[in-house]
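The block underneath contains the structure these notes are about, expressed in structure tokens.
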Amino acid sequence: MCCIVAGSVHDYTLMKDVFTPGSAWFEKVNLWLDLGFLGADKDYQSTQIYLPHKKPRKSKKNPNPTLTPEQKKQNRKQAATRVIVEHAIGGMKFFHCLMHRIRNHLDYFVDYFFSLSAGLWNYKIC
């Protein structure tokens with residue numbers, strides 16, 4: 001499967017398709033994920049995965065669910081780390097070759113567009 005897909009594919013579903021759980025893909029790296037990847041810590045147990053804390057559900061026993069100040073601090077720290085990556089992805093879209101439909105049937109050509117956009121964005125911010 002190609003790592004760049006068109007359309008609406010859930011991030012965690014795509015991650016499980018490309019990086020099969022149980023394999024040694026992420027053994028020596030730390031993964032900073034968002035709440036869209038809930039369950040990744042159970043599927044990829046040999047990896048250090050950082051997920052933000054999820055706000056508890058409202059119930060009769062807990063009518064005003066909130067996170068503790070420590071959990072909020074950890075979530076803010078993780079968001080500050082992840083926002084750099086999100087801005088880089090948005091910056092690559094600045095070059096518009098990733099925004100529009102690519103009318104080419106060669107899979108590697110799409111990867112070249114992605115690599116070229118990433119390289120240009122890195123050159124621009126340096």
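With UniProt numbering applied, the sequence shown has no gaps in its numbers, which climb one by one up to 126 at the end.
Ideal Cβ placement from N, Cα and C applies to all residues, glycine included.
Give the C-beta separation of residue i and residue j to the nearest angstrom, bearing in mind that I take them to be a contact with Cβ-Cβ under 8 Å.
i	j	result
proline 65	lysine 58	5 Å
aspartate 34	lysine 16	Incorrect: roughly 16 Å between the Cβ atoms, too far for contact.
tyrosine 50	glutamine 71	About 13 Å separates the two Cβ atoms, so there is no contact after all.
Decide if residue i is buried, meaning its Cβ has at least 16 other Cβ atoms within 10 Å, or exposed.
i	result
alanine 40	buried
proline 52	buried
What separation, rounded to the nearest whole angstrom, lies between the Cα atoms of residue i and residue j?
i	j	result
phenylalanine 37	leucine 116	28 Å
phenylalanine 114	proline 63	47 Å
lysine 124	tyrosine 12	30 Å
serine 8	leucine 14	10 Å
alanine 88	proline 56	31 Å
alanine 118	methionine 92	6 Å
glutamine 74	valine 85	18 Å
histidine 100	phenylalanine 94	11 Å
asparagine 122	glycine 90	12 Å
glycine 22	valine 110	29 Å
asparagine 104	lysine 60	56 Å
arginine 76	cysteine 126	26 Å
Do the CB positions of residue i and residue j come within less than 7 Å of each other?
i	j	result
asparagine 30	glutamine 45	no
tryptophan 32	threonine 81	yes
Under 6 Å Cβ to Cβ from residue i, same chain only, skipping five residues before and after it: list those, please.
i	result
proline 19	Just to set this straight, residue 19 is phenylalanine in the shown sequence, not proline. If we look at phenylalanine 19 and ignore the five residues flanking it on each side, its Cβ neighbours are Trp25.
Grab me the residues of residue i's own chain with a C-beta within less than 7 Å of its C-beta, minus the 5 sequence neighbours each way, in chain order.
i	result
leucine 120	Phe95
glutamate 27	Ser46 and Thr47
valine 83	none
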